[in-house]
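Protein chains in written order, with the numbering used here: chain B, 1 to 318; chain Y, 1 to 301. Every residue, glycine too, gets a C-beta built ideally from N, C-alpha and C.
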């Protein structure tokens, strides 16, 4: 048990270190900006005095390490600074959008995870049959398809031709829950179609890997029933890879939302970051990338830790 | 089906003495004839795209960004696939799009392989602190999702084709680095590398003449996969309006510009998106087959 705790603690420490490094990169990246942020904001007509005043106001005259620390301290208290484009508090801009994005990702995950696991396990059990080959070709195709292609095909059929779902997923904070679900069906389906393929290929591969190991063959030769082998011999060892597959793809979902949100004009974080990149609103881009990156790092960390604590060899040490 | 034929052929080939060395071309041709249908289809697609990309000016009726009619003209008549949101010929833009989009993605992938491959082999060959420093750097870079990172970098450096190529190549080289390092680690411990070291060969010689030829097959397969990934990333960025900028014809931004047509039930905006999908599917099919051929990875047995 002690070994388990040390391993988990190690991973947690490493994860925090990575988070720290990520924040440093995001901060330093902006330092590399050719020219001056204030010059950038005020454009051609800026005089020396106004640029200097602006630098003072944004605190750009302070040395970088002081600014980094105060930026980090601000974020720890939920203060991301103000947007350059409209002078609003960034935390205010982000709040609702973050929950919208998480909602979309959750709906997509609720559809895609059970679907992918079922399909993946079936493909592994019935491998080399027509079903498996078809699944292989179909998933290979859907992995290589851009999200917006899937999205527009769905819009063409389900909202233009049949008129079942809206093509714009505009939700506001006071949209009812079921209405909200109805509006995000198309974007969630798009995300599902994109992730399922990857998730089920990984599930299939890890199960096949497992079924090829000697102890499964041993169980087979002893004449155990197929269901007993799968439930009692294979599954305990399969949890780690399967959990890994799920969490990694959830992390992918968080990023995949960017394009999908733009297609469906969904008011989420992805859309905010794209808009801000176009306006070169650097503090907002910084804040959004930090949130996306932190979620990504945390999910990957969760995958690591879950695969450690579900590992039977570590749970029952000799 | 075809796999069972494959294995029997190989088994008999194993039993016989090795055949006289044949010329590469005829071997490749025989392998190709045995290839599964999906791989043949993929090759056909790739050859078709390359042909269209190379001969774009000959194949197109109009100039790349020449305005030839009014906006959103229907299919048929002088414009086979109608016109786009500015009245440019859709077919012409599609063909030039092949040239620009594939060309830029190809250059980016090559650059990513140059950076990642060299760094990976060096990390494996030099070991010690070089390996540690490079590996930790890559770990941190990979902790940030690539699309988000490129959005951040594009905000900082602005959107132009050279910055786009460099940014995506650097971010993508992290994956190449990991693979190149992993496969070279198995090679650098071999006797012939040790022999070269004792001979006093420099690190350049060891990298290029000793290690590189031995790690080619996985790198080639990875090149195909990376190309698809880069191609999709650039298409996504262009679609978001942050990649290849107008008036350069490019499939991602063409989808974006003409997306409004979808709401009238017109499939024109799907054409460039479909063109992207078809190429990546083709490349993936070929890579899949190539991996099966070279790695001996057959879970069928």
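query	result
Determine which residues of the region 257-282 of chain Y have a Cβ less than 8 Å from any Cβ of chain B, and write them out in chain order.	259, 262, 263, 264, 265, 267, 269, 270, 273, 274, 276, 277, 280 and 281
Could you give the distance in angstroms between the alpha-carbon of residue 156(B) and the alpha-carbon of residue 300(B)?	35 Å
Grab the span of the alpha helix (DSSP H) containing residue 212(Y) for me, first residue to last.	Per DSSP, residue 212(Y) belongs to no alpha helix (DSSP H) and is neither H nor E.
Exposed or buried, residue 283(B), counting other C-beta atoms within 10 Å across all chains shown (16 or more means buried)?	buried
Counting only beta-carbon separations shorter than 8 Å, does residue 97(Y) have a partner in chain B?	no
Do you know offhand how far residue 278(B)'s Cα is from residue 238(Y)'s?	12 Å
Mind listing which residues of the region 155-181 of chain Y have their C-beta closer than 9 Å to chain B's C-betas, in chain order?	155, 156, 157, 158 and 159
Pick out whichever of 150(B), 227(B), 297(B) and 264(B) has its Cα sitting closest to the Cα of residue 140(Y).	297(B)
For residue 251(Y), count neighbouring Cβ atoms within 10 angstroms of its own Cβ and tell me buried if that reaches 16, exposed if not.	buried
Report yes if the CB atom of residue 123(Y) is closer than 8 Å to the CB atom of residue 135(Y), and no otherwise.	yes
Please go through the region 153-231 of chain B and give each complete alpha helix (DSSP H) segment of 4 or more residues, from N-terminal end onward.	177-211 and 214-221
Between residue 182(Y) and residue 89(Y), what straight-line distance do the alpha-carbon atoms span, to the nearest angstrom?	48 Å
Give me whichever residues DSSP pairs with residue 83(Y) in a beta bridge.	89(Y)
List, in chain order, every chain B residue whose beta-carbon is nearer than 7 Å to that of residue 235(Y).	146
Note down, in chain order, each residue of its chain lying with its Cβ closer than 6 Å to the Cβ of residue 78(B), except the 5 sequence neighbours on either side.	91
Can you tell me whether residue 26(Y) is buried or exposed, with buried defined as 16 or more other CB within 10 angstroms of its CB?	exposed
Just grab the DSSP bridge partners of residue 82(B) for me.	89(B)
Between residue 263(B) and the rest of its own chain, which residues show a CB-CB distance below 6 Å, the 5 nearest in sequence each way excluded?	148 and 151
CA-CA distance, residue 161(Y) and residue 115(B)?	40 Å
Counting only the same chain and skipping the five closest in sequence on each side, list residues whose C-beta sits under 6 Å from that of residue 85(B).	279 and 281
Closest to residue 66(Y) by C-alpha separation, out of 96(Y), 213(Y), 54(Y) and 218(Y), would be which residue?	96(Y)
Could you check the C-alpha separation between residue 74(Y) and residue 83(Y) for me, to the nearest Å?	7 Å
Show which residues of chain Y have a CB atom less than 8 Å away from the CB atom of residue 285(B).	151, 152 and 155
Following the continuous alpha helix (DSSP H) through residue 133(B), name the residue where it begins and the one where it ends.	130-143
Taking 8 Å as the cut-off, does the region 286-297 of chain B touch the region 130-144 of chain B (at least 3 CB pairs, one atom from each stretch)?	no
My understanding is that residue 104(Y) touches residue 165(Y), with C-beta atoms under 8 Å, so please give their C-beta distance in whole angstroms.	6 Å
Using the DSSP secondary-structure output, state which residues sit across from residue 76(Y) in a beta bridge.	79(Y)
Within 10 Å of its beta-carbon, does residue 213(B) have 16 or more other beta-carbons around it, so buried, or fewer, so exposed?	exposed
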